[in-house]
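Below: the structure, in structure tokens.
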Amino acid sequence: MRTSNLRSKRLLGLILFGVFAALLSACTTSNPQSTFDTQGPVARDMAVLFFVILWVGTAVFILVGSVIIYSVFRYRRRANQGDPVQVHGNTKLEIIWTVVPALILIIVAVPTINSVFFAANSPRPAIQGGLEVDVIGHQWWFEFRYENPDNAQEQIVFANELHIPVGEPVNFRLDSVDVIHSFWVPKLAGKVDMVPNNDNSMWMQADVAGEFFGQCAEFCGVSHANMKFKVIAESRADFDAWLARQAASAPESADPLAVEGKELFRSAGCQGCHATKSIMNLGDDGKRLRGRVGPNLAHVSSRGYVVGLLKSSDDGTYVVSDALVQQNLKTWLMDPDAVKPANIMARRAAAYTNPDKALSEGQVDALVAYLMTLK
Ligand SMILES: [Cu+2]
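The end of the sequence shown is residue 700 by the numbering used here, with every number in the run present.
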């Protein structure tokens with residue numbers, strides 16, 4: 326009897342310890358998707374609001390909890406006691422417990438409404454010369470479009486990696502080609518839904534250079550959890566140089582394997598879904614054109630991750646390694662479904678749906694050699 330009691334106490338202790346450890350580990354700021362490790366004004370404002378509400382809520386909880394515990398003990402029924410005096414309604418008390426919470430809610434509403442307007446209104450919108458990026462959600466990847474600095478009728482298209490200049494507000498227009506997605510960079514700003522044909526917008530700013538994690542935050546299908554992107558915040562000069570590189574086409578390669586790969590890219594039907602030029606004309610009516618089915622590959626081998634998941638830089642650096650890009654492209658092309666379950670490429674490209682057209686390892690090597698020239 327005694328030992329089983331001891332054992333259940335130990336078990337309870339262990340469970341409590343586990344629960345506390347889990348709760349505390351959720352608060353670490355070293356988590357790449359932590360909303361507490363804020364690195365920009367929008368995220369910081371939201372974190373401050375979170376703590377205001379948390380502490381006001383905690384104060385109310387402690388106050389109400391203490392009064393309940395006090396009353397339970399102070400006015401408990403004692404032995405040989407009859408029914409207590411019956412009271413029906415107390416106007417003074419009821420006015421107090423209506424007015425006090427109303428006042429608390431009004432006090433909390435002031436910073437809340439402030440934050441709503443702060444997050445919604447960019448300090449430097451596009452009409453005042455602020456940078457604007459179009460973000461288009463696809464199952465299960467992100468497309469980014471920048472205005473071509475040399476020609477406002479054109480957009481420069483990139484995928485899965487968002488580059489922004491440090492210390493500048495950046496404006497986003499959010500759209501989707503299929504279902505509802507949500508655009509979220511936890512360390513920089515809150516999330517805003519990407520709804521087809523509904524021009525939602527937001528802004529954010531990174532105060533420090535570096536790499537930040539982005540994630541789709543609205544369930545959008547099988548690989549929703551794999552719908553990730555990276556934000557690279559860099560100096561204005563680096564950003565301008567990056568954008569100029571994206572606008573230019575990668576040079577042709579004479580390497581025989583790459584030439585073979587390029588031919589295969591056309592004959593295996595890759596071209597039907599992927600553009601290899603990064604410039605997109607807006608058309609005569611200036612309307613934004615819908616993207617292709619797959620990510621723009623014009624500079625695919627310059628990206629830090631393949632499909633936003635396979636990391637192509639050595640740990641601790643953001644410097645993209647050619648050897649890792651090559652390896653990751655091969656992993657992706659050999660079996661896309663193993664990397665990102667149910668992705669549209671594995672579901673629809675003939676090379677994966679039709680066994681007669683399946684790619685041999687040699688063909689994949691040729692395709693990778695070609696893709697490596699797209700830098
Ligand atoms: Cu999504």
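Where a beta carbon is used, it is the ideal one built from N, C-alpha and C, also for glycine.
Original post:
With respect to 7 angstroms, is the separation between the Cβ of G535 and the closest non-hydrogen atom of ligand 1 below this value?
Top reply: no
Original post:
Taking the alpha carbon of M527 as the point to measure from, which residue in V458, V381, V547 and F564 has its own alpha carbon closest?
Top reply: V458
Original post:
Does ligand 1 have a heavy atom nearer than 7 angstroms to the CB of E543?
Top reply: yes
Original post:
How would you call E588, buried or exposed, if buried means at least 16 neighbouring beta carbons within 10 angstroms?
Top reply: exposed
Original post:
Cβ of A579 within 8 angstroms of Cβ of L699?
Top reply: no
Subject >> E686 (DSSP reduced to helix, strand or coil) >> reply: helix
Original post:
Under the rule that 16 or more other beta-carbon atoms within 10 Å means buried, what is N330, buried or exposed?
Top reply: exposed
**OP:** Quick one: give me the first and last residue of the beta strand (DSSP E) that I557 is part of.
**Re:** K553 to E559
Original post:
Between I481 and the rest of its own chain, which residues show a CB-CB distance below 8 angstroms, the 5 nearest in sequence each way excluded?
Top reply: R470, Y471, E472, N473, L568, Q571, A572, S603, I604 and M605
Original post:
What separation, rounded to the nearest whole angstrom, lies between the Cα atoms of R338 and S638?
Top reply: Before going further, note that residue 338 is Gly rather than Arg in the sequence given. Taking the straight line joining both Cα atoms gives about 43 angstroms.
Original post:
DSSP beta-bridge partners for I420?
Top reply: According to DSSP, which records beta bridges pairwise, I420 is partnered with nothing at all.
Subject >> Residues near A562 by beta carbon distance below 7 angstroms, same chain, minus five either side >> reply: none
Original post:
Rounded to whole angstroms, how far is the Cβ of F467 from the Cβ of F554, which I believe are closer than 8 angstroms?
Top reply: 4 angstroms
Subject >> Residue from Q464, A444, L696 and S447 with nearest C-alpha to F590 >> reply: L696
Subject >> Pick from A550, N525, A593 and R672 that is closest to S685, judged by C-alpha positions >> reply: A593
Subject >> Start and end residues, beta strand (DSSP E) containing Y471 >> reply: W466 to N473
Original post:
Is H463 helix, strand or coil by DSSP?
Top reply: strand
Subject >> Beta-carbon contacts of G611 that lie in its chain and below 6 angstroms, excluding the five residues immediately before and after >> reply: For G611, the pLDDT reaches just 49, beneath the cut-off of 50, and the residue's location in the model is therefore unreliable, although a value from the coordinates is still provided. Around G611: no qualifying Cβ.
**OP:** Between the Cα of V533 and those of E559, F508 and G539, spot the shortest distance and give me the residue it belongs to.
**Re:** E559
Subject >> Closer than 7 angstroms: W509 CB and nearest ligand 1 heavy atom >> reply: no
**OP:** Look up I505 in the DSSP assignment and say whether it is helix, strand or coil.
**Re:** coil
Original post:
In three-state DSSP terms, what is K700?
Top reply: coil
Original post:
Which partner residues of G535 appear in the DSSP bridge assignment?
Top reply: A558
Original post:
Tell me which same chain residues have a C-beta within less than 6 angstroms of the C-beta of A347, skipping the five on either side of it?
Top reply: none
Original post:
Where do the ends of the alpha helix (DSSP H) carrying N653 lie?
Top reply: D647 to M659
Original post:
When DSSP labels each residue in this structure, what does A583 get in the three-state scheme?
Top reply: helix
**OP:** Can you grab the Cα-Cα spacing for the pair G619 / T601, in whole Å?
**Re:** 11 angstroms
Original post:
How do the stretch 530–549 and the stretch 492–509 stand: do at least 3 beta-carbon pairs fall below 8 angstroms, yes or no?
Top reply: yes
Original post:
In whole angstroms, what separates the C-alpha of F538 from that of N356?
Top reply: 10 angstroms
Subject >> Candidates F442, Q464 and Q530, of which the one nearest V632 by Cα >> reply: Q464
**OP:** Pick helix, strand or coil for D662, following the three-state DSSP scheme.
**Re:** helix
**OP:** Would you check if the distance between the CB atom of K512 and the CB atom of A368 is smaller than 8 angstroms?
**Re:** yes
Subject >> Assumed close pair V556, L487 - CB separation to whole angstroms, cut-off 8 angstroms >> reply: 5 angstroms
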